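Visitor: First to last, the protein sequences are chains A and B. The first sequence runs 111 to 223 under this note's numbering. The second sequence runs 4 to 111 under this note's numbering. Pasting a structure here, questions to come.
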Amino acid sequence: EAQVTQNPRYLITVTGKKLTVTCSQNMNHEYMSWYRQDPGLGLRQIYYSMNVEVTDKGDVPEGYKVSRKEKRNFPLILESPSPNQTSLYFCASSPLPVDQPQHFGDGTRLSIL
Amino acid sequence: RKEVEQDPGPFNVPEGATVAFNCTYSNSASQSFFWYRQDCRKEPKLLMSVYSSGNEDGRFTAQLNRASQYISLLIRDSKLSDSATYLCVGLRTDKLIFGTGTRLQVFP
């Protein structure tokens with residue numbers, strides 16, 4: 111089954127404790143991206159990747175890192191999480207060009223205390 | 004001004020009603036447009052792309068007015084299952100710009 115898999119689905123953690131949210135897709139998509147969704151602000155792009163070893167900042171990259179060592183994986187890293195990173199996070203992938211339908215993961219709800 | 008703006012709603016309509024949402028955009032997010040649907044706490048899913056000539060998919064019609072910089076979504080014969088948040092999305096270079104969404108609640 112074609113899918114985008116995010117882990118974990120839910121995480122409660124404390125300020126400053128490094129964490130990684132994994133994202134994996136099995137559709138051989140070139141384009142992958144991370145979004146955060148907050149009430150009243152909608153989905154905002156954090157980082158995106160056009161292909162292996164190619165990553166670019168989205169609109170809200172501060173406090174996040176990503177890597178794209180393999181085509182299928184695009185982990186999101188919070189080196190020193192802070193409470194303002196409490197949010198619902200979505201990973202998405204698509205073929206290129208970017209105007210193709212985006213396939214989203216189920217979401218990861220992060221709470222940083 | 005936000006690149007893509009929507010009325011958050013909620014729009015409360017009875018089953019069978021016709022409802023329309025508008026979305027305005029700024030020049031930077033104007034390559035291509037889409038409507039996504041998001042159910043509560045779920046991931047967004049593509050509803051339809053929006054073409055300059057307007058396009059229809061069953062009960063759904065999308066239109067683009069470049070002169071006035073807005074996109075519309077019309078839903079005819081609303082069903083209870085149409086209750087969701089509808090996200091207007093623009094494309095800027097390689098980035099998708101999401102509106103905050105318009106919430107629709109269809110009641111019996």
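C-beta: ideal position from N, C-alpha, C; glycine also. For clarity, every value in this text was computed on a predicted model and none was experimentally measured.
1. Contact between the stretch 29 to 39 of chain B and the stretch 90 to 100 of chain B: three or more CB pairs below 8 Å?
2. Taking Cβ positions only, does A/Phe214 come closer than 8 Å to chain B?
3. Along chain B, which residues have their Cβ under 9 Å away from the Cβ of A/Phe200?
4. Output the distance between the C-alpha atoms of B/Thr61 and A/Asp169, rounded to the nearest integer angstrom.
5. Please list the terminal residues of the continuous beta strand (DSSP E) segment that includes B/Thr21.
6. Going by DSSP, what residues sit across from B/Phe63 in a beta bridge?
7. Given A/Asn136, which residues of its chain have a CB within under 7 Å of its CB, disregarding the five upstream and five downstream residues?
8. Which residues in the same chain have their Cβ closer than 6 Å to the Cβ of B/Tyr28, if we skip the five residues on either side of it in sequence?
9. Using the DSSP secondary-structure output, state which residues sit across from B/Glu8 in a beta bridge.
10. On the three-pair Cβ rule with 8 Å, is the stretch 178 to 195 of chain A touching the stretch 64 to 78 of chain B?
Guide: The relevant details are as follows:
1. Output reads yes: the stretch 90 to 100 of chain B touches the stretch 29 to 39 of chain B.
2. Yes - at least one Cβ of chain B is within 8 Å of the one on A/Phe214.
3. Glu46, Pro47
4. The sequence as given places Gly at residue 61 of chain B; Thr does not occur at that position. Straight-line Cα distance between these residues: approximately 35 Å.
5. Segment: none, B/Thr21 is in no beta strand (DSSP E) and carries neither H nor E.
6. B/Asp60, B/Ile78
7. If we look at A/Asn136 and ignore the five residues flanking it on each side, its Cβ neighbours are Ala112, Gln113, Arg182.
8. Val7, Gln72, Gly93
9. B/Thr27
10. no
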